[in-house]
Amino acid sequence: MVAISKIATGDGHGENSPYFDGWKAYETNPFHPTDRPDGIIQMGLAENQLCFNFIKKWVMKHPEASLCSAQGVNKFKETALFQDYHGMPEFRQAVAKFMGKVRGGRVEFDPDRIVMSGGATGAHEMVAFCLADPGEAFLVPTPYYPGFDRDLRWRTGVELVPVVCKSSNDFKITTNALETAYEKAKEDNLKVKGLLVTNPSNPLGNILDRDTLKGIVEFINEKNIHLVGDEIYAATVFMEPEFVSISEIIEEVECKRDLIHIVYSLSKDMGFPGFRVGLVYSYNDSVLSCARKMSSFGLVSSQTQHLIASMLSDDDFVDSFIVESKEQLFRRHKYFTWSLSQVGIGSLKSNAGLFIWMDLRKLLKEKTLEAEMDLWRVIINEVKLNVSPGSSFHCNEPGWFRVCFANMDDHTMEVALLRIRTFMLEHNKAMVPRKLCSQSSLKLSFSRRRDDFMSQSIMSPHSPLPQSPLVQART
Amino acid sequence: MGLLSRKVTCNSHGQDSSYFLGWQEFEKNPYDEVKNPKGIIQMGLAENQLSFDLLESWLAKNPEAASFKRDGQSIFKELALFQDYHGLPAFKKALVDFMAEIRGNKVTFDANNIVLTAGATSANETLMFCLAEKGDAFLLPTPYYPGFDRDLKWRTGAEIVPIVCTSSNGFKITEPALEEAYHEAQRKNLRVKGVLVTNPSNPLGTTMTRNELHLLINFITDKEIHLISDEIYSGTVFSSPAFVSIMEVLKDMKMENTQEWERVHVVYSLSKDLGLPGFRVGAIYSNDPIVVAAATKMSSFGLVSSQTQSLLSAMLSDKKFTKEYLSKHQKRLRNRRNKLVSGLEKAGISCLDSNAGLFCWVDMRHLLSSNTFEAEMELWKRIVYDIKLNISPGSSCHCTEPGWFRVCFANMSEDALKLAMQRLKSFVGSIAINDLSHQELKKTGRKNRTNWVFRLSFQSFHDREQDER
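Chains as they are written, first to last, in the numbering used here: chain A, 1 to 475; chain B, 1001 to 1469.
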């Protein structure tokens, strides 16, 4: 009996990774403030839920964008028929403008260099298909988003070679680390075709500084390999230092433009993962032409192109949104990290993203992967929080966890923090007395802490609709 | 440039095919009733534009469906966040019910066995990734949709081996043709993984007979291979015989608990039946849980926008609407097709008798200067550049007999269709034809083509070519 393909039966989809085990646990017992107050709180999902009220207001005010007013219905036929893989010009123009604004107007994007894709997931796979043949490799700095193992490798046959970054220098991508990875690939007989960097970083939540970016551009030019910049968190940079995009750096240093490609999406910056708006922006005309044809396999629904075109061409909305989003993220991040520090939990200094890179190394029984997994199981089963263990991000050092903070309302955040505090209290009670003394701040009361921090309450009502048990996160 | 993948530099995307060149010409000089009445009329695009009024009136009556509301409540946030590759349950249910309705409810589909993808383009490629790899081949009856060369082969590395069908029996699939294709694959050292058929057929516009379906099931049973049935035109069947789905035949043969049951997969889409190609709604239906599981994960690369799933979930759950839509729309297709057929007849051109699809398979063999594909290309260029109609030459669909063309009828206004037929009639009238041969071919059914003598006016064609290039 003839089998199905190796791709279908293998585990290249990556879903057997522990990254997904936490979600499975969450799905059997998801937190709900009234129905399931003891359920697991989802902190493993990098979603941006902080600006929905703001965006919703715009959507309600502009029914034509949703094709449901009289004006909108007139556009229905032309929209429904539009399957041109070049994408709607107004969609590309609006997105290109948005990308420029997110970079403070420091760089302009050409709408004709935008190719649509099925989310950033589709974009990454498409870029891999364009740049590499089966058996060839991409370098990826660790820790990195687990989905890359699937997106870049599964159906493409491309390999990933880690560029090992260490906590000793805050996980910076050094030229040394790049060279080491490149040599390792060579030793393994893998032809390196490119380097993929995520900036702002997932899971670190920080941005690449100018020197690092320059070093990266020099490296890829010298090796004559591609640079793919995943900038899907560009608009989540909520405080200094300012975000520097690859598109800016190549204006400042010498670079072969044909090697440069950017992956973008509205899933994180706007909080629209369901709309599947991804794109590849390439400075290489051959890649553009090929990618455009490949985009047939994952075009953005014209209904959605129309909505996004309308929304992002409203300059007032976009300008206010960018400011509002930064503010909400800043406040949430500051409160979260401050609260954690009160119980002795630190994290990597970060200024972007929807998560923090939490440092729980001192809670490990020993510096091993097994100990990290043990701690993680405790966090899920006892503390009842789904967080993502650093090993699932290929971090070379055990004890780091990615913890998301932008995918819940204030009340849920409070519950999560309370659980963390309770856990740390008990953990410290079990430690030697001298350690306990330095944790005296643990005794601060719940409400006083919030009042200390917040000048006004930002308790937002939780969604009136229950969390869909079918929402399965993969990011 | 060794810097890019082979996929960039090869041409398996198929876009150098004449199928696409015609579109390019159209785009340079598109017909518009008012602005460009002498432009090229697009008859190469299998779009369904006949029933938008029905969709629009439904939308006007159901404003909540598109406006991110349900029962008065905003569901914007819920939809914006919904990226679950299992798809919106309500939409999947509505979709499988719609599929069942199209099949006269003779089969039912389980919503758990359906995988949503960004269009049938993505569905076909995804299924191929699940079932085949480099060194494997799928057998496809010719003529077939040119896009399959890209969708099934380009990024998957799989091959297509044709099952040659001919006009001698209305291009039906025969057992010898199946066996010959299988052996051809073996001669090429390819492992045959399955057969892919399009039913109703693109470009033929016909539904498969029960006999053909039985033949296929026996073949895949005997060879222990898969069968993919691309049924994206199932809702366009406008006259008898009624559409018979492969699932119905399997059910009739009581094969629900066999291995073959799990090796038959259906591809669907709303691009043709509802005329919504822009919304990118495709689906894979399979009884094999492993295929469903793998395809579901792969669908991450091309999910259907939740916004679109929500709108269509409301629309397709309105059974009163779907019943009315299918009935009215099929009538309109039939009328439109009849107009094309009679227009062609007036020009002395016949086509394959069809009962489905958005196009006719037109026989222009008698207009060829010789029974060759070169002659077909010459004729096609004349039709595109001189008569200003973009139609699709049979060779682009891998037809083994020169002289057949796919002509679409549902993507333009009735006036444009009338004009197209007038242009065609004038063109045919201007050809110097050997009258005797012309009578002969009408009687003998075009068996003695090689005896014809035609003189096409090549002079004007070549002059034109200089100007326009």
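Using N, Cα and C, we set each Cβ at its ideal position, and we do this for glycine too.
Residue 1364 of chain B, enclosing beta strand (DSSP E) - first and last residue: Counting along the chain, residue 1364 of chain B falls outside any beta strand (DSSP E), and DSSP gives it neither H nor E.
Which listed residue (A/230, A/236, A/234, A/218) has its alpha carbon closest to that of residue 254 of chain A: Considering only alpha carbons, the answer is A/218.
Helix, strand or coil at residue 68 of chain A according to DSSP, with G and I counted as helix: Three-state result, residue 68 of chain A: coil.
Against chain B: residues of the segment 2-13 of chain A by CB proximity under 8 Å: Result list: 2, 4, 5, 6, 7, 8, 9, 13.
DSSP three-state assignment for residue 357 of chain A, whether helix, strand or coil: Residue state, collapsed to three classes: strand.
Beta-carbon spacing of residue 1204 of chain B, residue 1171 of chain B below 9 Å: Yes; because the gap between Cβ atoms is below 9 Å, this pair is in contact.
C-beta atoms of residue 147 of chain A and residue 276 of chain A nearer than 9 Å: Cβ atoms of residue 147 of chain A and residue 276 of chain A: not closer than 9 Å.
Residue 378 of chain A, buried or exposed, once every other Cβ within 10 Å from all chains shown has been counted against 16: Residue burial annotation: residue 378 of chain A is exposed, with fewer than 16 other C-beta atoms found within 10 angstroms of its C-beta.
Spatial distance of residue 1191 of chain B from residue 1227 of chain B (CA atoms): Roughly 15 Å separates the two Cα atoms.
Bridge partner(s) assigned by DSSP for residue 1074 of chain B: Here residue 1074 of chain B is bridged, per DSSP, to B/1069.
For residue 390 of chain A, the nearest candidate out of A/4, A/11, A/142 (CA to CA): The residue among A/4, A/11, A/142 with its C-alpha nearest the C-alpha of residue 390 of chain A is A/142.
C-beta contact flag for residue 97 of chain A and residue 383 of chain A at 9 Å: Going by C-beta atoms, residue 97 of chain A is not nearer than 9 Å to residue 383 of chain A.
Touch test, the segment 1071-1091 of chain B against the segment 1196-1213 of chain B, Cβ-Cβ under 8 Å, three pairs minimum: Counting C-beta pairs closer than 8 Å gives fewer than three between the segment 1071-1091 of chain B and the segment 1196-1213 of chain B, which falls short of the contact rule.
Assumed close pair residue 1431 of chain B, residue 1368 of chain B - CB separation to whole angstroms, cut-off 8 Å: Incorrect: roughly 11 Å between the Cβ atoms, too far for contact.
Environment of residue 1060 of chain B [buried if 16+ CB atoms lie within 10 Å]: Exposed, by the Cβ-count rule.
Residue nearest to residue 366 of chain A in terms of C-alpha spacing, selected from A/5, A/397, A/412: Answer by Cα proximity: A/397.
Nearest neighbour of residue 1004 of chain B, chosen from A/315, A/127, A/360 [CA to CA]: Comparing Cα-Cα distances from residue 1004 of chain B to each of A/315, A/127, A/360, the minimum goes to A/127.
Rounded C-alpha distance that separates residue 12 of chain A from residue 150 of chain A: Near 6 Å, if we compare the C-alpha coordinates of residue 150 of chain A and residue 12 of chain A.
Three-state secondary structure (DSSP) of residue 411 of chain A: Helix.
Sequence-distant residues of its chain with Cβ nearer than 7 Å to residue 1162 of chain B (five each side left out): Sequence-distant Cβ neighbours of residue 1162 of chain B in its own chain, meaning closer than 7 Å and more than five residues away, are 1140, 1142, 1181, 1398.
CA-to-CA distance, residue 376 of chain A to residue 1329 of chain B, given in whole angstroms: When rounded, the distance between both Cα atoms is 57 Å.
Straight-line Cα distance separating residue 1119 of chain B from residue 307 of chain A: Computed Cα separation, rounded: 19 Å.
In DSSP terms, what residue 1355 of chain B is bridged to: In the DSSP output, where bridge partners are listed per residue, residue 1355 of chain B has none listed.
Separation of residue 1136 of chain B from residue 356 of chain A, as counted between CA atoms: Cα-Cα distance, rounded: 46 Å.
Anticipated Cβ contact below 8 Å, residue 1317 of chain B with residue 1090 of chain B, distance rounded: Contact check for residue 1317 of chain B and residue 1090 of chain B: beta-carbon distance about 7 Å, within the 8 Å limit, so the pair qualifies.
Chain-order list of residues whose beta-carbon lies under 7 Å from that of residue 403 of chain A (same chain, five-residue window excluded): The beta carbon of residue 403 of chain A sits closer than 7 Å to those of 43, 355, 356, 358, 387, all from its chain and outside the five residues before and after it, given in chain order.
Proximity test, Cβ basis, 9 Å: residue 411 of chain A and chain B: False, the Cβ-Cβ gap to chain B never drops below 9 Å.
Limits of the unbroken alpha helix (DSSP H) element including residue 1339 of chain B: In the DSSP assignment, residue 1339 of chain B falls within the alpha helix (DSSP H) that extends over 1319-1346.
Status (buried if at least 16 other CB within 10 Å, exposed otherwise) for residue 1009 of chain B: So residue 1009 of chain B counts as exposed.
Straight-line Cα distance separating residue 1130 of chain B from residue 9 of chain A: Rounded to the nearest whole angstrom, the CA to CA distance from residue 9 of chain A to residue 1130 of chain B is 8 Å.
Cutoff 9 Å: residue 434 of chain A Cβ touching any chain B Cβ: Here residue 434 of chain A scores only 46 on pLDDT, less than 50, and its place in the model is too uncertain to base an answer on.
Beta-carbon separation (whole angstroms), residue 1392 of chain B vs residue 1406 of chain B, contact threshold 8 Å: That belief holds up - the Cβ atoms of residue 1392 of chain B and residue 1406 of chain B are roughly 4 Å apart, short of 8 Å.
Cα-Cα separation between residue 1230 of chain B and residue 1199 of chain B, rounded to whole angstroms: Roughly 6 Å separates the two Cα atoms.
Residues sharing a beta bridge with residue 1159 of chain B, DSSP: Beta-bridge partners assigned by DSSP to residue 1159 of chain B: B/1137.
9 Å Cβ cutoff, residue 261 of chain A in contact with chain B: Residue 261 of chain A is outside the set of residues whose beta carbon lies under 9 Å from a beta carbon in chain B.
9 Å Cβ cutoff, residue 49 of chain A in contact with chain B: Answer yes: the Cβ-Cβ gap between residue 49 of chain A and chain B drops below 9 Å somewhere.
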